[in-house]
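Residue numbering for the sequence shown follows full-length UniProt numbering, starting at 1 and increasing by one per position.
These notes concern the structure reproduced below.
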Amino acid sequence: DWASPVILANGVPSNLSNDTVDIETPKRIEKITNPLRSYTLLQDLGTLFLAGDSSNPTKRPYVPDANTPFTPKGYSIVRHPTSNYTSDKSDTSLSVVTDCSTVFRPSIAQTFQYVVNWNQFSNHGDSQFKFADGKTPFNENFGYYTSIEVVHDSVHSSLGGKDGHMGKSDIAAFDPIFFLYHCNVDRLTTIWQAINPNAWIENGDKATFTEGTFTKQPHKKLTGSTSLTPFRKSETEFWTSNGIKYIEDLGYTYPELQDYKDPNELKKYVIDLYHPNIAPYELHIFIDKPDTDAKTPKNSPNFAGLISCFARGKETQCANCIAYPDAVVHGCVDLTICMQILNINLNSITLKKLDFTSSSLKPDQIKFVACKNNNEPIKLENILIRADLYVFDKGPDHNHNYEE
Numbered sequence: 001d002w003a004s005p006v007i008l009a010n011g012v013p014s015n016l017s018n019d020t021v022d023i024e025t026p027k028r029i030e031k032i033t034n035p036l037r038s039y040t041l042l043q044d045l046g047t048l049f050l051a052g053d054s055s056n057p058t059k060r061p062y063v064p065d066a067n068t069p070f071t072p073k074g075y076s077i078v079r080h081p082t083s084n085y086t087s088d089k090s091d092t093s094l095s096v097v098t099d100c101s102t103v104f105r106p107s108i109a110q111t112f113q114y115v116v117n118w119n120q121f122s123n124h125g126d127s128q129f130k131f132a133d134g135k136t137p138f139n140e141n142f143g144y145y146t147s148i149e150v151v152h153d154s155v156h157s158s159l160g161g162k163d164g165h166m167g168k169s170d171i172a173a174f175d176p177i178f179f180l181y182h183c184n185v186d187r188l189t190t191i192w193q194a195i196n197p198n199a200w201i202e203n204g205d206k207a208t209f210t211e212g213t214f215t216k217q218p219h220k221k222l223t224g225s226t227s228l229t230p231f232r233k234s235e236t237e238f239w240t241s242n243g244i245k246y247i248e249d250l251g252y253t254y255p256e257l258q259d260y261k262d263p264n265e266l267k268k269y270v271i272d273l274y275h276p277n278i279a280p281y282e283l284h285i286f287i288d289k290p291d292t293d294a295k296t297p298k299n300s301p302n303f304a305g306l307i308s309c310f311a312r313g314k315e316t317q318c319a320n321c322i323a324y325p326d327a328v329v330h331g332c333v334d335l336t337i338c339m340q341i342l343n344i345n346l347n348s349i350t351l352k353k354l355d356f357t358s359s360s361l362k363p364d365q366i367k368f369v370a371c372k373n374n375n376e377p378i379k380l381e382n383i384l385i386r387a388d389l390y391v392f393d394k395g396p397d398h399n400h401n402y403e404e
C-alpha cells in the first residue's frame, strides 16, 4: 500500500529495495540477490535507434536516450537511474515519501469520498469515451475529484523517476515491483466496489465504446461481458469484467472486507486512513492578489489576515477529537486595514443591492490560501466549508445589523 503510514515514514520497503535478502533453506539461512529489487534482462529490451553514438549499448556507462525505452541485454531494470545507469535508492525513497503525503493519500481519499460512478472511478476523464448511442456525456463533471487511474499513474511516475522503467508504460512490467503494485490497485478497486456495490460497467444505451486498443477494433461497445483479450480463462475463452467482478469467486479477499461489512463503515475507515493530516493549519486571506499562494509572505500589503487552527493531527487525537470528527472552526478576519492600504473604498458598497462602484471591494478580489504552519500548501477544499462577506457601519449608532 503506497499510501500507508509505513511508506510515508520509510519510503520504499527494504524487501523491495535491498540488494540482497536472507532466505531460510533446509540447512541454513542463505543470502541471495533480491529478486524483487531488480530484473536482469536476458535479451535486448526495445528497439535501438542509433544516431551516431548517442545510444550505443557498447558504451559504458550506458545512458539511454530519454525518448528511447531501450535497455541492452545484461543490464538490470532501474528506478531513478544515476549517470551510471544504476538505481538511486535514496532518490527513489525520497520521491515516494514526498508523493505519498502530497499525491497518493489525498488522491485516494478524494476518490473514495466523492466518486460513486464506475466510469468516473475507472477512467482518467470523460473525454476518453462516449456512450454507445454516440453522445458524449458533457454533463458529467470530472473537475472536483480524481480516479483510480490517476492514483495508479502517480505511483508509476514516483517509482520510475526520469527514465526509470516503472515510469515508461512500454517497459514498466519488467520491474518486479510492477506486479506487487498492481495487486494494491486491485485491492483499492475491490474496496471501492464494496463501498459502491451497485456501481458497475453500464450496458444498453449507457454503454461506452473505445477508439480501439491493441486487441479491440474501434467503435466496439464495451460492456461487462466484453472479452478482456488477451487474458485467457481457458484455451477457448477469455476473461470478462463480469467474470472477475467478485474476487471471492476467484478464491481470495482483503482484510478490510473482512473487518468492515457495512459499506458506510468501510468508507469512513478508508477516508480516515488516507485523508491527509492537515493540522495544525492556517487560512490566509489576501485582497487583490490573484497569484498568491502558500509562499506569499504575510508582510505583503495584500495580506489581510488569517484564521489559525492549532490542533492535533489525527495520529494523536484526544477523546474529544475522536468524539467530534466533524467539528467546524469559526473565524473572522477584518479586511478594513488592508483595504485602506490598497486604497479600496470602504463606504461605496451596498451588498444588499449588489451596488458595486469601480473602487469597491468585490468578492472575487478576496483570495483564500490554505497551508500548514510551515507554509506547506493544503488544498482549500480540505478545510474551507463556507466563507461569508459582511459589511457594517462602525459609527456610534452601530447596531451590528450586518449586510451579507
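Even for Gly, the Cβ is constructed at its ideal location relative to N, Cα and C.
(1) Would you kindly work out how many angstroms separate the C-alpha atoms of Trp200 and Trp118, rounded to a whole number?
(2) So, does the region 287 to 301 touch the region 253 to 273, judging by three or more C-beta pairs under 8 Å?
(3) Would you kindly report the start and end of the unbroken beta strand (DSSP E) that includes Lys372?
(4) If you draw a straight line from the alpha carbon of Gln340 to that of Ala304, how long is it in whole angstroms?
(5) Could you compute how far the alpha carbon of Lys89 sits from the alpha carbon of His156?
(6) Just verifying my parser: in three-state terms, what is the DSSP assignment at Cys309?
(7) To the nearest angstrom, how far is it from the Cα of Ile271 to the Cα of Thr236?
(8) Classify Thr111 as helix, strand or coil using the three-state DSSP reduction.
(9) When DSSP labels each residue in this structure, what does Pro230 get in the three-state scheme?
(10) Going by the beta-carbon positions, is the gap between Leu273 and Pro176 smaller than 9 Å?
(11) Count the other CB atoms, across all protein chains shown, that sit within 10 Å of the CB of Arg79; report buried if there are 16 or more and exposed otherwise.
(12) Using a Cβ-Cβ cut-off of 8 Å (strictly less than) and excluding sequence neighbours within five positions of Ile191, which residues of its own chain qualify?
(13) Pick helix, strand or coil for Val150, following the three-state DSSP scheme.
(14) Which residue from Thr316, Ala327, Asn299 puts its Cα closest to that of Leu384?
(15) With distance defined between alpha-carbon atoms, name the residue in Arg312, Val21, Cys100, Pro363 nearest to Val12.
(16) With distances taken from CA atoms, which of Ala9, Ser4, Val115, Tyr260 is nearest Asn196?
(17) Would you please state the rounded distance, in angstroms, between the beta carbons of Phe286 and Asn302? I believe it to be under 8 Å.
(18) Taking DSSP as the reference, what is the three-state secondary structure of Phe286?
(19) At which residues does the alpha helix (DSSP H) containing Leu380 begin and terminate?
(20) Please go through the same chain and pick out, in chain order, the residues whose beta-carbon is closer than 8 Å to the beta-carbon of Cys371, but skip the five residues on each side of it.
(21) At what residues does the alpha helix (DSSP H) containing Leu222 begin and finish?
(22) So, with DSSP's three-state summary, where would you put Trp192?
(23) Measuring alpha carbon to alpha carbon, tell me which residue in Leu45, His152, Pro81, Asn375 is nearest Asp1.
(24) Measure the beta-carbon distance from Asp22 to Ile29 and round it to whole angstroms, keeping in mind my assumption that it falls under 8 Å.
(25) Going by CA-CA distance only, name the one from Ser158, Lys162, Gly313, Thr189 that's closest to Phe178.
(26) On the criterion of 16 or more Cβ atoms from any shown chain inside 10 Å, does Ser127 qualify as buried, or is it exposed?
(27) To the nearest angstrom, report how far apart Arg386 and Gln217 are at their CA atoms.
(28) For the beta strand (DSSP E) that contains Val21, what are its first and last residues?
(29) Is residue 405 helix, strand or coil by DSSP?
(30) On the CB-based measure, 16 or more other CB atoms within 10 Å of its CB, does Pro96 come out buried or exposed?
(31) Could you work out which residue in Asn10, Gln110, Thr71 is closest to Lys168 when comparing CA atoms only?
(32) Compute the Euclidean distance between the alpha carbons of Ser17 and Ile171, then round it to the nearest angstrom.
(33) Consult DSSP for Glu248 and reduce its assignment to one of helix, strand or coil.
(34) Using 10 angstroms around the beta-carbon of Ser154, count the other beta-carbons present and answer buried if the total reaches 16, otherwise exposed.
(35) When burial is assigned at 16 or more other CB atoms within 10 Å of the CB, is Cys338 buried or exposed?
(36) For Leu42, is the classification buried or exposed, using 16 other Cβ atoms within 10 angstroms of its Cβ as the cut-off for buried?
Inspection of the coordinates gives the following:
(1) 5 Å
(2) no
(3) 366 to 372
(4) 11 Å
(5) 15 Å
(6) strand
(7) 42 Å
(8) helix
(9) strand
(10) no
(11) buried
(12) Phe112, Tyr254, Glu256, Leu257, Leu266, Val270
(13) helix
(14) Ala327
(15) Cys100
(16) Val115
(17) 5 Å
(18) strand
(19) Careful: Leu380 lies outside any alpha helix (DSSP H) and carries neither H nor E.
(20) Tyr281, Glu282, His284, Ala294, Pro377, Ile378
(21) Looking at the DSSP string, Leu222 is not in any alpha helix (DSSP H); the run it does join, the beta strand (DSSP E), is 220 to 222.
(22) helix
(23) His152
(24) 5 Å
(25) Ser158
(26) Legend: pLDDT at Ser127 = 49, less than 50; position of this residue unreliable, no value from coordinates given.
(27) 49 Å
(28) 20 to 24
(29) Any answer about residue 405 is impossible in this case: the structure gives the chain only from 1 up to 404.
(30) The sequence as given places Val at residue 96; Pro does not occur at that position. Val96 is buried by the Cβ-count criterion.
(31) Thr71
(32) 19 Å
(33) helix
(34) buried
(35) buried
(36) exposed
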